[in-house]
Amino acid sequence: MNQSQKQVSDSNLDELIQRSQQGQLEAFEGLYNLYKNKVYGLAYSLTRNQQTAEDLTQDIFIKIFSAIQEINQPDYFPAWVYRLSLNTCYSYLRRQRTLDEKLSLLTPAEESQNGRDFDSRPGDLARAIQEALCYLPEKLRMVFVLHEVEGLTHEEIAGLLNCQAGTSKSQLFKARLKLRKILRKKNLLGGKSHEMP
């Protein structure tokens with residue numbers, strides 16, 4: 526994107542925000558169309574469930590539109606949307622973890638593990654990584670998804686997660702190590718050609 530395109534894009538965003546604050550529904554729809562794929566992609570990357578990601582996306586946009594009047598610096602709107610999306614997903618994951626822990630007390634161990642084994646077919650590393658992400662601690666998973674999937678820099682991640690860029694780098698390193706360990710344990714990371722970045 527060149528500078529003139531960026532200016533047009535920024536100008537359009539400013540206008541959409543202002544019109545949304547005035548209650549114009551078509552402007553709300555414009556903001557939704559601008560960010561729906563990013564929000565859904567982030568939610569899906571963190572939850573690995575299509576229906577959950579769709580539900581979270583809806584919840585996130587309800588929050589965005591409910592708080593649109595509070596936006597007085599349109600330049601920060603994209604980062605605000607990211608932060609709101611992350612917080613909403615993070616809250617869901619915390620609630621889900623608590624629910625899973627409660628259910629595990631009622632479910633025999635062999636049944637609770639049912640369906641969790643990886644499919645070891647060759648050439649399916651990408652799917653295996655997606656499955657393995659579910660085993661990462663939430664903070665490591667978020668940093669991995671934001672950097673490797675969403676393409677954010679460590680500085681951008683630090684701004685979103687209220688941490689230092691060095692912390693983001695350290696957590697990404699730990700996430701990669703844990704993912705490699707999971708994949709090797711399941712015999713899904715065989716040769717060097719399959720090494721993760």
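Under our numbering, read the sequence shown as residues 526 to 722, first letter to last. For each residue, glycine too, the CB sits at the ideal point set by N, CA and C.
Just how far apart, CA to CA, sit F590 and S693? 30 angstroms
Evaluate Q696 with the Cβ neighbour count: other Cβ atoms within 10 Å of its Cβ, from every protein chain shown; 16 or more gives buried, anything less gives exposed. buried
Here's the rule: buried if 16 or more other CB atoms are within 10 angstroms of the residue's CB, otherwise exposed. What is A592? exposed
Are P599 and I654 close, meaning C-beta to C-beta below 9 angstroms? no
Which residue's Cα is closest to the Cα of I707: S616, E656, F669? E656
At which residue ranges does the region 556-605 contain complete alpha helix (DSSP H) runs of 4 or more residues, listed in the order of the chain? 575-591
Determine the extent of the alpha helix (DSSP H) in which F692 is found, giving its start and end residues. Note that residue 692 corresponds to Thr in the displayed sequence, not to Phe. Run containing T692: 690-710, per the alpha helix (DSSP H) assignment.
Expressed to the nearest angstrom, what Euclidean distance is found between the alpha-carbon atoms of N597 and E540? 12 angstroms
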